[in-house]
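Peer 1: Residue numbers (the numbering used here): 113 to 559. Think of the CB as a built atom: it goes at the ideal place given N, C-alpha and C, for glycine as much as any other residue. Treat the numbers as computed from the prediction; the structure is a model and nothing was measured. Structure provided below as structure tokens; questions to follow.
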Ligand SMILES: Cc1cc2nc3c(=O)[nH]c(=O)nc-3n(C[C@H](O)[C@H](O)[C@H](O)COP(=O)(O)OP(=O)(O)OC[C@H]3O[C@@H](n4cnc5c(N)ncnc54)[C@H](O)[C@@H]3O)c2cc1C
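Take a look at the structure:
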């Protein structure tokens, strides 16, 4: 049995940046992953990431900007309406990249000179203060006793789904899960935009993406749980220019497309600190499901809290800083976007076409929302006039704007531990009411 200060479960981008941020702390850190270290980062993913995430990591950790790991430079995102008559050109201020996740994650793991990396080790459970690990090569069982556990095991959330604490939500609502099927095909797109196609018939509650990836194309489809995206995928690409191209990789994945979990920290029996990072905490952009950058920011933020709290004489108040930091800096934006995601998932192609064609919502509105700003629908008189044909849609859009502001305010005033119950009640009520309301609106059907 080994003792350590911190055990990080999962060496995806979230877990790796958590470890990197603790490198010079003098703490005894274990980073555990079921994969071999040469395959860290390998995952079915769109692989797109904005440059601003690297600006953050460069500033905070001195991390170099990606170079060898870049498959494609990206200027922005094109979002096509279901009838393809409207395309929003959402420019990224400083662009972004399609990265090779495996090279990227291997590079970070090679920087971890002071971290004990236990690869080929699957975490099975937490039992009597000890993490139980099973070696994926020889089946050997090992036990580790940490002071703090960071669950960064992605959507699988191996420990989050086992622990019992009033602060930790074990399961997430299946309406907040997006099931994806993706292929990498040998086909050069010669495009420096990520193309996203909205189509409620083809990709219900999600979208089709076609991203350039050097000499290849990264193409996939995401749909709302429990639909099966694979069949739809082949329906969609049968008319594409790369329909006959060679398939280099194919596979499925799940994205938790929702606001952050209400709390990402708890104290477990035996005075073990418990923290969630990345997908495990639903630290993700709910509109497009981008979570590579967000998981790294969440890993950095979790580590900053640990550096302040230390690992001895822990209590929930000390770890709570992580919740406050994350929610007031990043989480509030995702919470606002989540309202818009629920709205989008509950409207028909015809309504999306109308909203985009008539510019009830425009590129700059999407940018503003991503930056955490308000969606000022009511103040646009011209929007009111344009929306006359669809008063119900317009009325709902105004409600969306109001709810975005409401949740942003709630998350920006994230509470101290003692006031958490009341805050959680309020937040859950806003989202449950909004979900119920949208489902009753019958905007899913073309009319
Ligand atoms: C189809 C698809 C497309 C996506 N496209 C994009 C995109 O274009 N851009 C973007 O930013 N995001 C995208 N995402 C989301 C992105 O992949 C995640 O948000 C990001 O990888 C989260 O990082 P993470 O470190 O939290 O988890 P992960 O990257 O999932 O890493 C989790 C790690 O935990 C390990 N693990 C799991 N269980 C155990 C266990 N029991 N024991 C030991 N180790 C374990 C895994 O092996 C893995 O290494 C996409 C996701 C999917 C599924």
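If I follow the unbroken alpha helix (DSSP H) through residue 411, where does it start and stop?
Peer 2: Run containing residue 411: 404-421, per the alpha helix (DSSP H) assignment.
Peer 1: When the Cβ atoms of the region 229-239 are set against those of the region 345-355, are three or more pairs found closer than 8 angstroms?
Peer 2: No: the two stretches stay apart, fewer than three of their Cβ pairs being nearer than 8 angstroms.
Peer 1: Can you give me the C-alpha to C-alpha distance between residue 409 and residue 511, rounded to a whole angstrom?
Peer 2: In a straight line, the C-alpha of residue 409 is about 31 angstroms away from that of residue 511.
Peer 1: For the candidate residues 525, 399, 138 and 387, whose alpha-carbon lies nearest to that of residue 270?
Peer 2: When each option's Cα is compared against that of residue 270, the closest is 387.
Peer 1: Over the uninterrupted beta strand (DSSP E) stretch that includes residue 307, give me the two end residues.
Peer 2: Here the beta strand (DSSP E) through residue 307 covers 305-309.
Peer 1: May I ask you to report which of helix, strand or coil DSSP gives residue 139?
Peer 2: Residue 139: coil per DSSP, three-state reduction.
Peer 1: Is there at least one non-hydrogen atom of ligand 1 closer than 7 angstroms to the beta-carbon of residue 391?
Peer 2: Yes; taking the cut-off as 7 angstroms, the Cβ of residue 391 has a heavy atom of ligand 1 nearer than that.
Peer 1: Looking at the unbroken beta strand (DSSP E) that takes in residue 529, where does it start and where does it end?
Peer 2: First-last for residue 529: undefined, no H or E at that position.
Peer 1: Spell out a yes or no on whether the region 123-139 and the region 393-413 are touching, meaning 3 or more CB-CB pairs, one atom from each, closer than 8 angstroms.
Peer 2: In short, these stretches touch, since the Cβ pair count reaches three.
Peer 1: Terminal residues of the continuous alpha helix (DSSP H) containing residue 297?
Peer 2: Careful: residue 297 lies outside any alpha helix (DSSP H), inside the beta strand (DSSP E) at 289-297.
Peer 1: Distance, Cα to Cα, residue 376 vs residue 355?
Peer 2: Approximately 43 angstroms, taken between the alpha carbons.
Peer 1: Taking just the CA atoms, how far does residue 258 sit from residue 119?
Peer 2: The straight-line gap from Cα to Cα measures roughly 6 angstroms.
Peer 1: Kindly indicate which three-state DSSP category residue 324 falls into: helix, strand or coil?
Peer 2: Of the three classes helix, strand and coil, the one that applies to residue 324 here is strand, per DSSP.
Peer 1: How should residue 242 be labelled, buried or exposed, when 16 other C-beta atoms within 10 angstroms of its C-beta is the threshold for buried?
Peer 2: Buried is the call here.
Peer 1: When you compare only the Cα positions, how much space is there between residue 433 and residue 444?
Peer 2: Going from the Cα of residue 433 to the Cα of residue 444 covers about 15 angstroms.
Peer 1: Between the Cα of residue 449 and those of 184, 427 and 400, spot the shortest distance and give me the residue it belongs to.
Peer 2: Residue 449 has its Cα closest to that of 400, out of 184, 427 and 400.
Peer 1: Given a threshold of 16 other Cβ atoms within 10 Å of its Cβ, counted over all protein chains shown, does residue 545 qualify as buried or as exposed?
Peer 2: Answer is exposed; the Cβ neighbour count stays below 16.
Peer 1: From residue 559 to residue 455, what does the alpha carbon distance come to, in whole angstroms?
Peer 2: Residue placement at residue 559 is flagged as unreliable, the pLDDT there being 47, under the threshold of 50; a coordinate-derived value is accordingly withheld.
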